[in-house]
Amino acid sequence: MAGRSIAYITGSQLISLKRNPGIAIIDVRDDERSYDGHILGSLHFSSDTFRDRMPSLVEATKGKDTLVFHCALSQVRGPKCARIFAEYAAEEKGFGSKNIVILKHGYNGWEASGNPVCRCKDPACKGV
Numbered sequence: 000m001a002g003r004s005i006a007y008i009t010g011s012q013l014i015s016l017k018r019n020p021g022i023a024i025i026d027v028r029d030d031e032r033s034y035d036g037h038i039l040g041s042l043h044f045s046s047d048t049f050r051d052r053m054p055s056l057v058e059a060t061k062g063k064d065t066l067v068f069h070c071a072l073s074q075v076r077g078p079k080c081a082r083i084f085a086e087y088a089a090e091e092k093g094f095g096s097k098n099i100v101i102l103k104h105g106y107n108g109w110e111a112s113g114n115p116v117c118r119c120k121d122p123a124c125k126g127v
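In numbering that gives the first Met the number 0, the protein residues as written are 0 to 127.
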């Protein structure tokens, strides 16, 4: 899977996908999540500890078939973590197939488009 390209989706596409219970949104921003807010229902797996927390991410996304990664702009951290996860998933036995995508323009683009955000401090946002 290392050579596989990972697709980008738009905020509008994500809004449509969010209705699907098989989707997980993975926010890999670091400290800025705590003061900028985040996408409702997203999971926080900071890029600076991403590799170390891979088993926790696998556990948190069991039963999910689509994982949407993002950072602030989805130019560096989001795509890098998506690739790391794709490679990890390809090596894991019994992990199953996951559709791994990246949110185009990241959280900043999501928020600038007027999409809903949350300001809770929970690493696994319940969307409250």
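Cβ atoms here follow ideal geometry from the backbone N, Cα and C, with glycine treated the same way. A quick note: this is a predicted structure, and the numbers were derived from the prediction, not measured.
> If you draw a straight line from the C-alpha of Ala123 to the C-alpha of Asp47, how long is it?
Replying inline: Straight-line Cα distance between these residues: approximately 17 Å.
> For Ile8, which of helix, strand or coil comes out of DSSP?
Replying inline: If DSSP states are grouped into helix, strand and coil, Ile8 belongs with the strands.
> Asp59 to Glu110, Cα distance in whole Å?
Replying inline: For the record, residue 59 in the displayed sequence is Ala; it is not Asp. Note on geometry: alpha-carbon atoms of Ala59 and Glu110 lie some 24 Å from one another.
> What residue ranges within the segment 70 to 113 form continuous beta strand (DSSP E) runs of no fewer than 3 residues, ordered along the chain?
Replying inline: Taken in chain order, the whole beta strand (DSSP E) runs of length 3 or more contained in the segment 70 to 113 are 98 to 102.
>> Below 8 Å on the Cβ atoms is my contact criterion, and I expect Asp35 with Tyr106 to pass it. Report the Cβ-Cβ distance as a whole number of Å.
In response: Contact flag correct, Cβ pair sits at about 7 Å.
> From Gly21 to Ala71, what does the alpha carbon distance come to, in whole angstroms?
Replying inline: If you draw a straight line from the Cα of Gly21 to the Cα of Ala71, it comes to about 23 Å.
> Within 10 angstroms of its Cβ, does Ala6 collect 16 or more other Cβ (buried), or is it exposed?
Replying inline: Exposed, because fewer than 16 other Cβ atoms sit within 10 Å of the Cβ of Ala6.
> Hey, how far is the Cα of Asn98 from the Cα of Val75?
Replying inline: Put simply, the backbone Cα of Asn98 is about 19 Å away from that of Val75.
>> At 3 residues or longer, what runs of the beta strand (DSSP E) sit wholly inside the segment 33 to 77?
In response: With a minimum length of 3 residues, the continuous beta strand (DSSP E) runs that stay inside the segment 33 to 77 are 65 to 69.
>> In the DSSP output, which residue or residues are listed as bridge partners for Val116?
In response: The partner list for Val116 (beta bridge, DSSP) reads Ile38.
>> On the criterion of 16 or more Cβ atoms from any shown chain inside 10 Å, does Ser4 qualify as buried, or is it exposed?
In response: So Ser4 ends up on the exposed side.
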